[in-house]
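Notes follow the structure.
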Amino acid sequence: MQGLRNYRKVDYSQALSYDFSRLCTRIVKDNLDLNLFKKYGFITSKTINVTNDVVVVRVFGKNTNVITFRFENRCGVKPTFDINVSRVNEELLESLLMSINSIRSCVDEYFTF
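So for the sequence shown, this note's numbering puts the first residue at 1451; every next one is plus one.
See the structure below:
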C-alpha cells in the first residue's frame, strides 16, 4: 500500500506511455485535494487491477471510510468512471464533487474509445 504523497502533476498527453493502472492512480491523486483528505484521515491508497481493462483505486480513511474510484477502458466501448463513497463529511463531499468533474474530463480526454 502506498501513502498519499504530493505528486507532481503529470502531462497526460504522454498517457500512452503509461500503463492503464498507473495512469488511473495518477489521475486520482492529481485531482484530489490531498491536504484536505489527509486532514480527515485519508492517508493510504491502493490500486487494484481487476482486469486489463478495469482498474479500481481505493483511498482509505480512518475506521471503515473508503472512497473507491473505478475506471473501465474496454476497446470499442466508451470509457467509464464511477465512484463509491462509504462515509465522508460535507467538506470532503464538496471537494469530491469538484474532483469528480476533473477526473471525468481526464477520462474523456485521454482514454481511448
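Idealized CB from N, CA, C, for every residue including glycine.
Check	Outcome
8 Å contact criterion, which Tyr1490 and Asn1534 should meet: CB distance rounded	About 17 Å separates the two Cβ atoms, so there is no contact after all.
CB of Phe1519 within 9 Å of CB of Val1507, strictly	yes
Own chain, CB closer than 6 Å to Val1504, minus 5 neighbours either side, in chain order	Glu1522
Option in Arg1537, Asp1483, Pro1529 and Phe1561 with minimal Cα separation from Thr1514	Arg1537
Distance between Cys1474 and Thr1501 (C-alpha atoms, nearest Å)	13 Å
Assigned secondary structure, Ser1545 (DSSP; H/G/I helix, E/B strand, else coil)	helix
Length of the line joining the Cα atoms of Thr1494 and Cys1525	31 Å
Cβ neighbour criterion (16 or more within 10 Å) applied to Ser1467	Interpretation of Ser1467 is limited by its pLDDT of 47, a score under 50 that renders its predicted location unreliable; the figure taken from the coordinates is listed afterwards. Burial call: exposed.
Beta strand (DSSP E) segments (min. 3 residues) lying fully within the stretch 1499-1525	1504-1510 and 1516-1522
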